[in-house]
Amino acid sequence: MVTSRILAGMTVLGMLLAGRAQAAGTLTIATVNNGDMIIMKQLSGEFEKAHPDIHLNWVTLEENVLRQRVTTDIATHAGQFDVLTIGNYEVPIWARQGWLAELRPGADYDMDDIVPSVRAGLSVDAKLYALPFYAESVMTYYRTDLFQKAGLTMPQHPTYDQIRTFADRITDRDSQTYGLCLRGKPGWGENMAYVTALVNTFGGQWFGDGWKPMLDTPEWNAALTWYVSAMKADGPPGATSNGFNENLALFASGHCGIWVDSTVAGGLLFDPKQSHVADRVGFAAAPIGPYGKGPTWLWSWNLAIPASSRHADDARIFIEWATSRAYVQLVARHEGWVAVPAGTRISTYASPDYQKAAPFAAFVHTAIDTADPNGQTKQPRPYGGAQFVGIAPFQAIGTQVGQSVAATLSGQMTVEQALAAAQASVTRTMRQSGYLH
């Protein structure tokens, strides 16, 4: 009787230990449903072949949902994820909170191959807390065939007035060809990423001295008025549902004439496997507004390990693989050079194969390498960031204002009403968070 109990107990213990061993070899990865990440998931079988003791469990989410899920998880130390896909907005803020594990890649990883402007955004006090999967600035994409048909020429450095004129000329609603596609989906990293960059070049900014909100200013009004007017005249219907991925699909399927957005879209739009207009895409610098200067867009999607992960060693092995030079070569073999992750490795831009496949390569490399997210706004400002504000409350603030901006596109609010509501909500949040007294 005693023996049978012992054997039964050993059996249960063995099952528990086996379950724990299996769990110890499983990494749960939270990532965004962008094209480059979808390719990473598809190719991850190569990693599992090389590391049979590590199993990958993927949680792939829409951008706004991803941000909500990973922020909640890491702030509450829930430990649901072992690898996080986060931006250069979150990395320094979360690292200072002690929420991310420090990373120390070996010499064979070649950190010197990472574009310096990208690497700088992932370190705090000379310690590294994330590795970059891809990086981006912003540029203007346009349909060369539509421009040729209309007798138009896109300047290398267009103004927003010119963009509006061009969009008016090439819009043809009967054929569902929309002159201009811009982000309209509300979210601090969706419509407000674009709108913040737009406001900067119109001479506006989020905050002035003493963290005083500056949304009810003529500059914000002028920028938002341009945006709403242009989108209502030349944008697609239902624009408040369109973020990066939706506009990418519209352009790639031939329904957009001009699109101002991330440089990472170049690898998708010029890829004939993914784009119906791959041979009819032109590119130029992002448009400038009346101010003409200001901070320049720099974003990176990065892989990081939450401090709550119980599988940090395995997670380090994975993220070094997924952001390595060897991974770039893997994507090139399976998907073609035009589809490799852009913006992070100098060696990618030095590759003759990439230069041949990606006509935008030199342009994008220069844009990212020279990006200055801490550039001067029209008036002095107490924060850094070009398409975001580098403080913790910005997630809430950007989301609130993004809803008001979306309401102007749908006709639920006027520009003046939206900016008054935004000024009030931002002022309230900044007081509650202790920035404004």
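Using the working numbering, the letters of the sequence shown correspond one by one to residues -15 to 421. Glycine included, C-beta positions come from ideal geometry on N, C-alpha and C. Keep in mind that this is a model prediction, so the values were computed, not measured.
Spatially closest choice to residue i from the options, by CA coordinates
i	options	result
A268	H61, H39, V122, T69	V122
H35	G9, T69, M397	G9
A214	D145, L287, T161, H260	D145
A85	F235, R300, S335	R300
A473	R365, A223, G276	Since the first and last residues shown for the chain are -15 and 421, residue 473 lies out of range.
L40	I242, T180, D66, T398	D66
S293	G327, T161, K25, G82	G82
T161	G29, S417, C240, V75	C240
G276	P220, V248, A207	A207
M95	A79, D109, R80, L115	L115
S159	R103, A110, G238, V179	G238
Q416	G374, Q363, W195	W195
R157	G251, K216, H318, Q52	K216
L426	Y178, R53, G19	Missing from the structure shown is residue 426; the chain here goes from -15 to 421 and no further.
Contacts around residue i, its chain only, beta-carbon distance under 6 Å, and the 5 residues preceding and following it disregarded
i	result
E304	P89, Y93
A134	R153, I154
Y73	F372
T15	M21, T44, T69
V148	Per the sequence shown, residue 148 should be read as Arg rather than Val. Result list for R148: A214, in chain order.
L164	A151, A214, D218, G219, I242
K111	E86
N48	G171
Beta carbon of residue i nearer than 8 Å to that of residue j
i	j	result
D353	S101	yes
A404	D193	no
L244	T124	One point to set straight first is that residue 244 is Val, not Leu, in the sequence displayed. Yes.
N17	N229	yes
A288	L50	no
T143	P256	no
Y118	L87	no
N286	I77	no
G168	L27	no
F186	I242	no
G105	V75	yes
G327	S284	yes
P202	Q407	no
V399	T247	no
Euclidean distance between Cα positions of residue i and residue j
i	j	result
M414	L420	5 Å
R127	G266	6 Å
I13	P274	43 Å
I98	V315	18 Å
G31	A345	Checking the sequence, you will find Phe at residue 31 rather than Gly. If you take the alpha carbons of F31 and A345, they lie about 28 Å apart.
V43	A310	24 Å
A296	W204	44 Å
T137	D129	11 Å
V212	L11	44 Å
S331	S409	45 Å
W190	H61	31 Å
A291	Q64	11 Å
A91	D298	18 Å
I38	M24	16 Å
P468	I58	As displayed, the chain neither begins before -15 nor continues past 421, which places residue 468 out of reach and without an answer.
G395	A402	11 Å
Q140	F131	14 Å
T411	G418	11 Å
P221	T55	32 Å
M397	K33	54 Å
R103	A306	16 Å
Sequence-distant residues of the same chain with beta carbon closer than 7 Å to residue i, five excluded per side
i	result
T280	S121, A355, D356, P357, G359, A370
W172	F372, F378, Q379, G382, T383, G386
N175	R167, G168, K169, G386, V389, A390
S308	Y93
E46	N17
Q6	Its pLDDT being 36, under 50, Q6 is placed unreliably in this model, and the coordinates cannot settle the point.
T361	N184, Q189, G278, P279
A79	V108, Y113
I375	Y367
Opposing strand residues paired with residue i [DSSP bridges]
i	result
P197	F191
A288	L68
L84	P290
W243	Y125, C165
S107	L112
Y118	W285
F267	Y125
A151	Partner(s): none; A151 has no beta bridge.
R329	I98
Close-in-space but distant-in-sequence residues of the same chain around residue i (CB under 8 Å, 5 per side omitted)
i	result
W321	S335, D337, Y338, K340, A341, A342
L253	Y125, L232, F235, A236, S259, V261, A262, V265
V312	V324, P325, R329, S331, T332
W210	Y144, R148, L182, F186, G273
T(-13)	Here the model assigns T(-13) a pLDDT of 39, short of 50, so the residue's position is not dependable and the matter cannot be decided.
Residue-level contact to chain B via CB, residue i, 8 Å cutoff
i	result
G219	In summary, chain B is missing from the structure at hand, where a single protein chain is found.
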